[in-house]
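Written below as structure tokens is the structure these notes are about.
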Amino acid sequence: DTGVSQDPRHKITKRGQNVTFRCDPISEHNRLYWYRQTLGQGPEFLTYFQNEAQLEKSRLLSDRFSAERPKGSFSTLEIQRTEQGDSAMYLCASSRTGRSSPQYFGPGTRLTVL
Amino acid sequence: QQPVQSPQAVILREGEDAVINCSSSKALYSVHWYRQKHGEAPVFLMILLKGGEQKGHDKISASFNEKKQQSSLYLTASQLSYSGTYFCGTEWKDAGNMLTFGGGTRLMVKP
């Protein structure tokens with residue numbers, strides 16, 4: 011069990027640029043979640059997948075954000091036309107199928123938009 | 110509608126006890142507890158599924174009162190390694206698997 015991995019760990023970009031983050035879940039986990047965390051706050055749910063299907067997406071999520079999990083393994087989160095307000099830690103988590111399965115978090119990608 | 114955690118911060122001496130509370134305005138299916146150290150990912154501690162359930166490992170335990178829509182995390186005989194921010198993540202009865210996290214409780218344990 012190698013844990014959830016995320017890449018890159020840090021990303022600095024200029025406002026208006028597009029960025030893409032990758033998450034590799036724990037291998038036997040079918041579910042994959044994306045969260046965003048700003049300083050001093052708890053993680054905020056963005057979206058989640060079961061296998062390759064995106065089952066839920068936060069209503070607060072801008073349409074500049076899109077996520078994919080094409081083969082049901084790794085996932086990518088893309089932010090288009092980044093804004094300074096997008097600066098945050100982007101966390102990925104994975105879990106087994108089944109309601110209330112524990113979610114295990116990756117180390118996160120820290121995004122800074124200048 | 111994020112759950113409310115209290116206290117927001119607490120400072121303890123090694124060996125002292127602490128209680129962290131988590132209250133939801135919506136009916137809960139489960140409560141998940143995590144600890145996060147500065148610059149690191151949240152680490153899963155435990156999950157409570159049934160009303161009244163209490164779980165624990167080592168000197169950290171938790172309870173879940175389904176009727177009151179509350180959960181409490183108990184840290185006894187605290188150790189330096191317990192320092193960090195504790196988050197409760199609530200899973201609502203009428204929602205899917207997404208967790209809604211509270212604002213966190215910062216715990217500092219001093220020697």
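Line by line, the protein sequences are chains S and D. This note's numbering puts the first sequence at residues 11 to 124. This note's numbering puts the second sequence at residues 110 to 220. Yeah, the Cβ is synthetic: ideal placement off N, Cα and C, and Gly gets one too. These figures come from a predicted structure and were not determined experimentally.
(request) Report yes if the C-beta of D/Gln114 is less than 7 Å from at least one heavy atom of the ligand FAD; otherwise report no. (result) The ligand FAD is absent from the structure shown, which contains no ligands of any kind.
(message) Which of the three DSSP states is assigned to S/Ser105 in this structure?
(response) strand
(message) Can you give me the C-alpha to C-alpha distance between D/Asp167 and S/Gln27, rounded to a whole angstrom?
(response) 47 Å
(message) Using a Cβ distance threshold of 8 Å, determine whether the stretch 113-127 of chain D contacts the stretch 69-89 of chain S, with at least three qualifying pairs required.
(response) no
(message) Here's the rule: buried if 16 or more other CB atoms are within 10 angstroms of the residue's CB, otherwise exposed. What is S/Gln16?
(response) A residue is called buried when at least 16 other Cβ atoms come within 10 angstroms of its Cβ; S/Gln16 meets this threshold and is buried.
(message) Output needed for S/Leu101: all residues of its chain with C-beta closer than 7 Å, excluding positions within five of it in sequence on either side, in chain order.
(response) Tyr45, Gln47, Pro53, Phe115, Gly116 and Gly118
(request) Mind reading off the beta-carbon distance from D/His141 to S/Pro35? Whole number of angstroms is fine, and I expect it under 8 Å. (result) Wrong, their Cβ atoms sit about 17 Å apart, outside the cutoff.
(request) Output the distance between the C-alpha atoms of S/Ser110 and D/Ser190, rounded to the nearest integer angstrom. (result) Inter-residue distance for S/Ser110 and D/Ser190 is about 27 Å (C-alpha atoms, whole angstroms).
(request) Using a Cβ-Cβ cut-off of less than 7 Å, list which residues of the stretch 62-77 of chain S approach chain D; keep chain order. (result) Leu65 and Glu66
(message) Under DSSP, the beta strand (DSSP E) around D/Lys183 begins and ends at which residues?
(response) In the sequence under discussion, the amino acid at residue 183 of chain D is Tyr, which differs from the Lys named in the question. Where D/Tyr183 is concerned, the enclosing beta strand (DSSP E) stretches over Gln179 to Leu184.
(request) With 8 Å as the threshold, decide whether the Cβ of D/Ser139 is near any Cβ in chain S. (result) Under the 8 Å criterion on CB atoms, D/Ser139 is classed as interfacial with respect to chain S.
(request) Report the three-state DSSP secondary structure of D/Asp203 (helix, strand or coil). (result) coil
(request) Can you tell me which of the three DSSP states S/Leu124 falls into? (result) coil
(message) Going by DSSP, what residue range makes up the beta strand (DSSP E) through D/Leu137?
(response) Leu137 to Gln145
(request) Report yes if the CB atom of D/Ile169 is closer than 8 Å to the CB atom of D/Leu157, and no otherwise. (result) no
(request) Could you list the residues in the stretch 17-48 of chain S with a C-beta less than 9 Å from some C-beta on chain D, going in chain order? (result) Arg41, Tyr43, Tyr45 and Gln47
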